[in-house]
Amino acid sequence: MTDQSGSPARALRSGGRAARRAARSSALPEHLRPIRPGMDGGTLKPLTQDGMERIHRAALDALEQIGLADAPLSGVEYLTKAGCIQGDDGRIRFPRALVEDMLTKANRSITLCSRDGKHDLELSGNRVHYGTAGAAVHMVDVEGRNYRDSTVQDLHDAARICNQLDNIHFVQRPMVCRDIADNLEMDLNSIYATTSGTTKHIGVSFTEPGFVAPAVEMLHMIAGGEDKWRERPFVSNSNCFVVPPMKFATESCEVMEECIKHGMPVLLLSAGMAGATAPSTIAGAITQAVAECLAGLVYVNAVKPGAPAIVGTWPFGLDLRTGAMTMGSGEQALLTAGCAQMHKFYGLPGGAAAGASDSKLPDMQAGWEQMCSNVMAGLSGLNMVYEAAGMHASLLGFCHESLILGDDLIGQALRCVRGIEVTDETLALDQIAEVCLGGTGHYLGTEQTLGRMQADYVYPTLGDRTSPKEWAEMDKPDLLQKAKTRKEKILSERSAARFDPELDLAIRGKFNIHLGA
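For the sequence shown, my numbering gives the first residue as 1, with consecutive numbering after it.
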């Protein structure tokens, strides 16, 4: 069987390992995949039922007694016609009965469409989806260990990478194009860079309300006409419609109105910072975010009843010693999980931030911070987990290599979301009896083990599970280097989401596209 050197046995073992690895690396049929978009979470409940009800009542009190300032004139008209009251101080107040009535009219199940029809996201119940988001102004250079300004090419490359990652389910713009000075051109190029990079659902922002119409014109061209766009809008608007605490962001509200008129889904984003622009307590920060987003929900349904809107309660943590954001903290994970519970309390599609790190590089700190909040967000049943991969330096820096590593990390988080199935088959009493009563004494290689190794287990693409000996034999591969190699491979191939040459020419003829053809 073997000699002192162990060569034949080693060859046999290594050949078996190679075969198993090859089998695991091949694409699985959909029905065998152990994880997939939209799996049900909701098992984690850091808030009690009484806690949720108290937050709800406090949010209604805040809307009725304090209200929101700085609504645009158009918003004042929409909201007062719906039943809101504008006080002598100019603030818009929301009677409890009106809020509760608007909650009954709100859209409770939203499908965020993909361009190819293969990656649609159904937002309802506890269905969980992970993706990118943010407005980072820097790119992380892992080799030089430094930061540089982000560009439109970086955004396009991020979209192309996301298109190849199974566990990144949507692509909300994670960075701004700092090489484009004109805001209109930046908004239009952000749409071009992302839609030509991925066919998954995309989220973008608009700097001014007047920029929505030309952007939608481009989207009509990509979709093949206004009717096809309205039937399947594959881009949504990430809208910071409030400036916490409790003030409308006037221009963003006007952008929101335009997006609703053009059939674009809207993310109602409230991003207060606990201890600065939101109360320092976790419950208080959640309460304010809920109040602000309920106001946004009334606004949306006053413009168009049932318009697709995602409740984006995004309160952020703050290091009260320094004033720095704490995206990677346990408090942030609790803020996000608590917000997810409040979305379920109302039965509304919702999203919040998780998976970002305060670390400047993809290192051990980044790993624990990203996993902690990503797992808690998924277990809480958050529909849209934004900023789930690639984001560093408290949202200031984005990293392509970290995005790729995040795909593995989210795979493990999704396995936690899937949970433990208890059936006659999984209890495996027949296997225990067979193995123990005259069998081999182990479960390696049994029909049941082999039959479920792909359906039950998630295998990392880049994560290393080799022994120290194997690791040394493979020249001690470095995780970041493996991510860099995969990035270079993805970007060396033409974008699978690129436009038909005739369409691309037409878009470039109408808009000033900064990316090379």
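Ideal Cβ positions, reconstructed from N, Cα and C, are used throughout, including at glycine.
{"Asked": "In three-state DSSP terms, what is Asn-126?", "Found": "coil"}
{"Asked": "Over the uninterrupted beta strand (DSSP E) stretch that includes Ile-110, give me the two end residues.", "Found": "110-112"}
{"Asked": "Between Thr-151, Gly-131, Tyr-130, which lies nearest to Val-140 when the distance is taken from Cα to Cα?", "Found": "Thr-151"}
{"Asked": "If you follow the alpha helix (DSSP H) that Arg-418 is part of, which residue opens it and which one closes it?", "Found": "400-418"}
{"Asked": "Does the distance from the CB of Ala-291 to the CB of Ala-274 come in under 8 Å?", "Found": "no"}
{"Asked": "The alpha helix (DSSP H) that contains Met-384, what's its start and end?", "Found": "That residue, Met-384, is in no alpha helix (DSSP H); its beta strand (DSSP E) goes 384-386."}
{"Asked": "Classify Ser-236 as helix, strand or coil using the three-state DSSP reduction.", "Found": "strand"}
{"Asked": "Over the uninterrupted beta strand (DSSP E) stretch that includes Met-139, give me the two end residues.", "Found": "138-141"}
{"Asked": "So what's Phe-511 in DSSP terms, helix, strand or just coil?", "Found": "coil"}
{"Asked": "Could you work out which residue in Arg-54, Glu-53, Thr-326, Leu-68 is closest to Lys-247 when comparing CA atoms only?", "Found": "Leu-68"}
{"Asked": "What do you reckon, are the CB atoms on Leu-267 and Asn-301 nearer than 8 Å?", "Found": "no"}
{"Asked": "Since Gly-312 is in the beta strand (DSSP E), which residue starts that stretch and which ends it?", "Found": "309-313"}
{"Asked": "Quick test of the definition: if touching needs 3 or more C-beta pairs under 8 Å, does the region 76-94 touch the region 362-375?", "Found": "no"}
{"Asked": "Pull the bridge partners of Arg-465 from the DSSP assignment, please.", "Found": "DSSP, once it has assigned bridges, lists no residue as partnering Arg-465."}
{"Asked": "So, using beta-carbon positions, are Cys-173 and Gly-203 closer together than 8 Å?", "Found": "The residue asked about is misnamed: residue 173 is Arg in this sequence, not Cys. Yes, the Cβ-Cβ distance between Arg-173 and Gly-203 is below 8 Å."}
{"Asked": "Could you pull out every unbroken alpha helix (DSSP H) segment of at least 4 residues lying fully inside the region 328-353, listed in chain order?", "Found": "330-346"}
{"Asked": "Of the residues Asp-504, Val-243, Gly-516, Gly-328, which one's Cα is nearest the Cα of Ala-223?", "Found": "Asp-504"}
{"Asked": "Checking 8 Å against the spacing of the C-beta atoms, do Gly-317 and Thr-326 come in under that value?", "Found": "yes"}
{"Asked": "Would you decide whether His-31 is buried or exposed? Buried here means 16 or more other CB atoms lie within 10 Å of its CB.", "Found": "exposed"}
{"Asked": "Taking only three categories from DSSP, how would you classify Lys-228?", "Found": "helix"}
{"Asked": "Excluding five sequence neighbours on each side, which residues of the same chain lie with their C-beta closer than 6 Å to the C-beta of Ala-413?", "Found": "Asn-374, Val-375, Gly-378"}
{"Asked": "Going by beta carbon distance, what residues of the same chain come within less than 6 Å of Ser-252, once the five residues before and after it are set aside?", "Found": "Asn-239, Cys-240, Phe-241"}
{"Asked": "Within 10 Å of its beta-carbon, does Gly-6 have 16 or more other beta-carbons around it, so buried, or fewer, so exposed?", "Found": "Any reading at Gly-6 must be qualified, since the residue scores a pLDDT of 42, below 50, and its modelled position is unreliable; the value itself is stated next. Its Cβ having fewer than 16 others within 10 Å, Gly-6 is exposed."}
{"Asked": "For Gly-463 and Asp-408, I'd like the C-alpha separation in whole angstroms.", "Found": "7 Å"}
{"Asked": "Using DSSP bridges, identify the partner residues of Ser-270.", "Found": "Thr-313"}
{"Asked": "May I have the straight-line CA-CA distance separating Thr-277 from Glu-470, to the nearest angstrom?", "Found": "52 Å"}
{"Asked": "What is the residue span of the alpha helix (DSSP H) that Asn-189 lies within?", "Found": "183-195"}
{"Asked": "Thinking just about the alpha-carbon of each residue, which of Gln-454, Ala-158, Leu-297 is nearest to the one in Pro-29?", "Found": "Gln-454"}
{"Asked": "Looking only at DSSP bridge pairs, what is Leu-427 linked to?", "Found": "According to DSSP, Leu-427 bridges with nothing at all."}
{"Asked": "When the Cβ atoms of the region 122-138 are set against those of the region 48-55, are three or more pairs found closer than 8 Å?", "Found": "no"}
{"Asked": "Compute the Euclidean distance between the alpha carbons of Arg-508 and Leu-403, then round it to the nearest angstrom.", "Found": "29 Å"}
{"Asked": "Once DSSP output is grouped into helix, strand and coil, what is the label at Thr-250?", "Found": "helix"}
{"Asked": "Given a threshold of 16 other Cβ atoms within 10 Å of its Cβ, counted over all protein chains shown, does Val-422 qualify as buried or as exposed?", "Found": "exposed"}
{"Asked": "Quick one: what does DSSP say Leu-68 is sitting in, helix, strand or coil?", "Found": "strand"}
{"Asked": "Quick one: what does DSSP say His-392 is sitting in, helix, strand or coil?", "Found": "strand"}
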